[in-house]
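Working notes for the structure below.
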Amino acid sequence: MTNTRKALYKRWKSMISRCYDTDNAGYVNYGGRGITVCDRWLFSFDNFFEDLNATFKIGLSIDRIDNNNGYFLENVRWATPKQQCNNRRNNLILNYNNESLTLQQWADKIGIPSDTLNLRIKSGLPLKEALSPILKRRGSLRFNAKLNEAQVIEIYTSKFKIRELAKTYNVDMAVISGIKRGMTWKHVTVNLQRGGKKHLSDNQVIEISNSTEPLRLPAKRYNCSMAAISLIRNGKSFKHLTSI
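Per the working numbering, residue 396 is the first one in the sequence shown, and the count goes up by one each step.
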């Protein structure tokens, strides 16, 4: 038996097993939902080989064009693993800008791994941002952020050791070190002082919290970032003063 014939025989046996063997792990998605094999192939491997040998190549798998119908000549083709992924009945279809593509097809189009796109979708990002080749979100708005701005301020101004802070916030010591050294989250820490020294007085914090003027004005007045002003306004930092 040639290598091609062996490969086709293996695919023929697997096809029949998925559809008729209740002990097969994939039965629930095939025979369990009514997928069958045509009589011409079910009872004869020679017929299966005769019909499909000419278009078969090593590495391809048999794929149904319409996943709601069974295995017969007009409904099958040889496909790569990626092509099969796109044809799965449970594959996510994303509709954007009047274009409907599978998750894998969108990932290929924008040039990112499908796992990355899947993670963006599951994280709840708006579809417009999820389908962007490069995410421009910063800080806690990043889909995989483990810290928020208030926690970063607490870390940056804390006198505790890096190991203790890493344990407290359940992150790697490298994350804490990056914040402390001003290598990450710079949009939050750029105008803060390390080691527990407050950049703003209590009265200034209260004034900022109660103010309705544009963020850039108090930021300029107190020589701090607009992000820091926003955190105070939203009650995410200096809570002991702003929650009163």
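All C-beta atoms in this analysis are idealised placements derived from N, C-alpha and C, irrespective of residue type, glycine included.
- For Thr497, the three-state secondary structure derived from DSSP is strand.
- Under the three-state reduction of DSSP output, Trp580 falls in the coil class, being neither helix nor strand.
- Taking a C-beta distance under 8 angstroms as the contact criterion, Phe438 and Trp407 do not qualify as a contact pair.
- Note on geometry: alpha-carbon atoms of Leu610 and Lys581 lie some 18 angstroms from one another.
- Shortest Cα-Cα distance from Ile548 to any of Arg515, Cys619, Gln479 involves Cys619.
- In this structure Glu544 is buried. Its beta-carbon is surrounded by 16 or more other beta-carbon atoms within 10 angstroms.
- Annotation for Asn490: the continuous beta strand (DSSP E) segment containing it runs 488–491.
- With contacts defined as CB atoms closer than 8 angstroms, Leu489 and Phe451 fail to qualify as a contacting pair.
- If you ignore the 5 residues before and after Lys575, its C-beta comes within less than 8 angstroms of the C-beta of Ile550, Tyr551, Ile557, Arg589, all in its own chain and listed in chain order.
- Under the DSSP assignment, Ala569 falls outside any beta strand (DSSP E), being part of the alpha helix (DSSP H) whose first and last residues are 568–575.
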